[in-house]
Each structure stands twice: as C-alpha cells, then as structure tokens.
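Residue 241 is where the sequence shown ends in the UniProt record's numbering, and the numbering goes up by one at each step. Virtual Cβ for every residue (Gly too), placed ideally from N, Cα, C. Since the model is a prediction, treat every value here as computed from it, not as a measurement.
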Amino acid sequence: MAIGIAENQAITRYEQVKQYITARIRRGEWKVGQRLPSESELVEITGVSRMTVHRALRELMTEGLVTRAQGVGTFVARPAPRAELLQLHDIADDIIASGHTHRSRVITLDTARADVDLAMSFDQRPGSKLFHSVIVHYEDDTPLQVEERYVSPHFAPDYLNQDFSVAHPHRHLYHIAGPDEIEHVIFAITPSQELQHLLELETPEACLQLVRRTWVQDRIVMKGIFTYPGSRYSLGGRQYM
1 MAIGIAENQA ITRYEQVKQY ITARIRRGEW KVGQRLPSES ELVEITGVSR MTVHRALREL
61 MTEGLVTRAQ GVGTFVARPA PRAELLQLHD IADDIIASGH THRSRVITLD TARADVDLAM
121 SFDQRPGSKL FHSVIVHYED DTPLQVEERY VSPHFAPDYL NQDFSVAHPH RHLYHIAGPD
181 EIEHVIFAIT PSQELQHLLE LETPEACLQL VRRTWVQDRI VMKGIFTYPG SRYSLGGRQY
241 M
C-alpha cells in the first residue's frame with residue numbers, strides 16, 4: 001500500500017523518498033547490513049516512479065547511508081568513522097573509539113630526496129634529505145587509511161628507528177613537539193593502482209585525500225598525505241566563534 005508521497009510540496013518527491021528511507025534507518029527499523037525493499041517494492045510502497053526511487057537510492061549511496069550490490073540489492077551501510085579537521089587525531093584512537101580493532105602495516109620506512117614539489121613544500125632545496133614512511137591502517141581487517149609522511153630529519157632524527165606497527169608516527173612526532181601551525185588541504189581523487197591495491201578496492205572508487213603540513217618554531221617539519229576510501233570514511237569539523 002502506497003504511503004502517498006505528495007506531489008505539490010516544496011520538497012521534491014525523490015527527497016521525500018530519501019527521507020522515508022532515512023527515517024526508518026535512523027529509527028532502527030532497518031538495521032546495519034539489512035536488505036532494503038527492492039526498487040519495485042519501494043515504488044509500490046511510496047507510490048512514485050521507479051526513476052524517482054532509483055535517484056533517491058543513488059544519492060543515499062553517495063551519502064554513505066546505503067550500499068548497493070548489483071543483482072543482489074540495497075543494504076543499510078555501516079556508519080563511516082568521522083575525522084575532525086580542526087583537531088589532530090591518531091587514526092588508531094578514532095578506530096578504537098568507534099569500538100573496533102586497529103592494526104597497522106608498514107609498507108615503507110626509508111630516506112628520500114626531495115623533488116621540486118617536496119622541496120617547495122618544505123622550503124628547502126631539491127635533493128634535500130627527508131625521512132619517508134608509508135603505513136596502511138586497518139579497522140578490524142578493512143584498510144581505512146594509507147598514511148604517507150615526509151619528515152624533517154632535523155626535527156625527528158630517530159624517525160627511522162621506530163617500530164611504527166606499534167608506535168604510530170602521530171604519537172612519535174607529537175611527543176617531540178606539538179605543532180604551532182597546521183595546514184590542511186582536501187582533494188577528491190581517483191586512486192592510483194598502488195593506492196587501490198593498498199586499500200583493497202576491487203574497483204576504483206572516489207577517495208578523500210587530506211594533505212597536511214605542520215610547522216614547529218616557524219619551520220615546516222612534516223608533510224603528510226592521508227588517503228581514505230570515500231565509502232569508508234568522512235572528514236569534517238566544527239568550530240565555535
């Protein structure tokens with residue numbers, strides 16, 4: 001029986017369908033992992049066209065509220081962890097706080113020579129020595145972040161001697177000195193084949209990439225490149241004025 005989505009309201013019909021689905025998920029009527037009614041069933045329930053239902057589901061998938069498997073159906077998605085942009089967090093703390101298990105896998109821990117772009121990022125000459133690390137962070141067994149860092153050896157001379165599968169770079173660097181200034185830039189990217197492999201993505205999907213630079217005593221000491229699958233993570237912030 002149709003619920004009677006109204007035609008003449010300020011809110012569009014597909015938005016009303018989104019609200020109908022969202023309300024039932026928020027109330028717990030449809031739980032995480034549960035299969036939603038099919039598009040045909042939603043057409044019958046809401047009394048709107050299949051195209052309207054399809055658009056509503058597509059937007060809910062983009063917003064991370066549902067997931068869709070071709071030929072299988074639409075399911076309630078697990079809420080993605082959220083990182084606050086206005087604060088520095090260790091991703092391990094975020095994962096543990098969400099009730100899951102964190103582990104990390106060190107891919108690279110070595111010395112690099114700054115190319116032109118890195119030299120500009122650090123206000124140094126090309127060829128300058130930097131420490132370089134690449135680490136994959138997992139929530140349970142799912143890769144959640146690829147963390148790539150370039151670090152000034154003058155700031156963290158023991159960086160390469162750390163076991164970052166246990167002591168994470170964020171904690172090591174923050175223990176030396178908290179930053180005086182932070183720069184954040186966010187990009188939406190299509191992952192490279194290497195990132196797709198590290199994040200265990202079956203097909204390329206839009207990823208969020210946060211580029212961070214930190215200053216201590218007016219010197220740039222770290223550039224970090226943090227990549228997250230868009231379907232598994234969100235970035236946000238709130239500031240009081």
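Distance between beta carbons of residue j and residue i, contact taken as under 8 Å
i	j	result
Thr203	Val146	The pair is not a contact, with the Cβ atoms about 17 Å apart (cut-off 8 Å).
Arg35	Gly64	Actually they do not touch by this definition, with Cβ atoms about 17 Å apart.
His184	Arg212	6 Å
Rounded separation between residue i and residue j - CA only
i	j	result
His170	Glu44	52 Å
Lys31	Asp90	29 Å
Asp115	Thr62	36 Å
Leu109	Leu160	6 Å
Leu85	Asp93	Residue placement at Leu85 is flagged as unreliable, the pLDDT there being 49, under the threshold of 50; the coordinate-derived value follows with that caveat. Their Cα atoms are separated by approximately 15 Å.
Ser40	Glu205	27 Å
His197	Gly28	35 Å
Beta carbon of residue i nearer than 8 Å to that of residue j
i	j	result
Asp180	Gln217	yes
Tyr233	Leu144	yes
Leu201	Gly230	no
His132	Ala156	no
Ile135	Ile107	yes
Tyr138	Ser104	yes
Asp123	Ile225	no
Option nearest residue i by Cα separation, candidates the options
i	options	result
Arg58	Tyr14, Val116, Arg78	Tyr14
Leu130	Glu139, Ala119, Val136, Ile176	Ala119
Ser49	Gln70, Gln16, Thr74	Gln16
Gly71	Ser38, His168, Pro153, Arg213	Ser38
Residue i Cβ short of 7 Å to the ligand MN heavy atom set
i	result
Leu201	Although the ligand MN was asked about, the structure shown includes no ligands whatsoever.
### Task
Would you list, in sequence order, the uninterrupted beta strand (DSSP E) runs of no fewer than 3 residues that lie entirely inside the UniProt domain "HTH gntR-type" (11-79)?
66-69, 73-76
### Query
Unbroken alpha helix (DSSP H) runs of length 4 or more, entirely within the stretch 152-232: which are they?
169-176, 193-198
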